[in-house]
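A.B. asks:
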Amino acid sequence: MNSDSYPDIRALVPHEGEMVFLDRVLTAGTSTLCAEVTIGLHSVFFDATGVEAGVGSWVGIEYMAQAIAAHAGFLARLRGDAVRVGFLLGARRYQTSVPLFALGSVLHVHVQHVLQGENGLGAFDCRIDDGASGANLANATITVFQPDNVNEFLQRSF
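Here the sequence shown is numbered in the numbering used here, starting from 595 and rising by one per residue.
(1) Can you have a look at alanine 661 and say buried or exposed, based on whether 16 or more other CB atoms are within 10 angstroms of its CB?
(2) Counting beta carbon pairs with one atom in the stretch 674-685 and one in the stretch 599-608, are three or more of them shorter than 8 Å?
(3) Helix, strand or coil, according to DSSP, for histidine 665 in the structure here?
(4) Which residue from Asn730, Arg671 and Ala734 puts its Cα closest to that of proline 601?
(5) If we call anything under 7 Å between Cβ atoms a contact, is proline 693 one with glycine 714?
(6) Can arginine 721 and asparagine 733 be called in contact, C-beta distance under 7 Å?
(7) DSSP beta-bridge partners for isoleucine 722?
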């Protein structure tokens with residue numbers, strides 16, 4: 595499958611407008627997904643006040659989280675289900691080799707589903723690579739939670 599055969603990223607994540615940070619899905623399968631994001635002047639959190647212009651590499655956690663959401667949305671659409679909201683619970687050992695993702699960079703955000711509990715808890719190994727060179731820029735293991743009924747879960751939690 596080429597990237598043109600995947601649904602628009604906005605149909606896969608429960609985000610709207612400029613809060614969708616990823617540009618498109620490049621590949622997807624039952625346990626993996628790769629999304630692309632190009633760092634531009636209008637990228638959320640773009641900063642041109644430093645020596646180099648770009649997006650702080652700390653935003654990589656959100657790129658990873660949205661790629662996980664896109665994977666969940668992709669699987670939901672395969673089953674004919676609606677895209678649902680999930681929660682980022684935490685990141686284990688987020689490591690990055692760069693202080694920022696530079697203007698013009700094309701990033702490939704890879705997620706691999708490594709653990710899923712019956713209670714909705716899951717874990718993903720994630721990485722961000724430079725799309726041009728393939729160099730690894732960031733890594734993390736991210737824990738997520740997707741309850742069966744988000745509204746019921748939120749009402750019980752608060």
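No residue lacks a Cβ here, since even glycine has one placed at the ideal position from N, Cα and C.
Quantities reported herein were computed from a predicted structural model and do not represent experimental measurements.
C.D. replies: Judging by the given coordinates:
(1) In the sequence shown, counting from the first residue as 1, residue 661 sits at position 67. By the 10 Å Cβ count, alanine 661 comes out buried.
(2) yes
(3) On the sequence shown, position 71 is the one that residue 665 refers to. Reduced to three states, the DSSP call for histidine 665 is helix.
(4) Walking along the sequence shown from the start, residue 601 turns up at place 7. Selected option, being the one with the closest Cα: Arg671.
(5) The count along the sequence shown starts at 1 and reaches residue 693 at position 99. The count along the sequence shown starts at 1 and reaches residue 714 at position 120. No. Outside cutoff.
(6) Taking the first residue of the sequence shown as 1, we reach residue 721 at position 127. Taking the first residue of the sequence shown as 1, we reach residue 733 at position 139. Yes; because the gap between Cβ atoms is below 7 Å, this pair is in contact.
(7) Locating residue 722 in the sequence shown gives position 128, where the first residue counts as 1. Looking at the DSSP assignment, isoleucine 722 forms a beta bridge with Val703 and Ala732.
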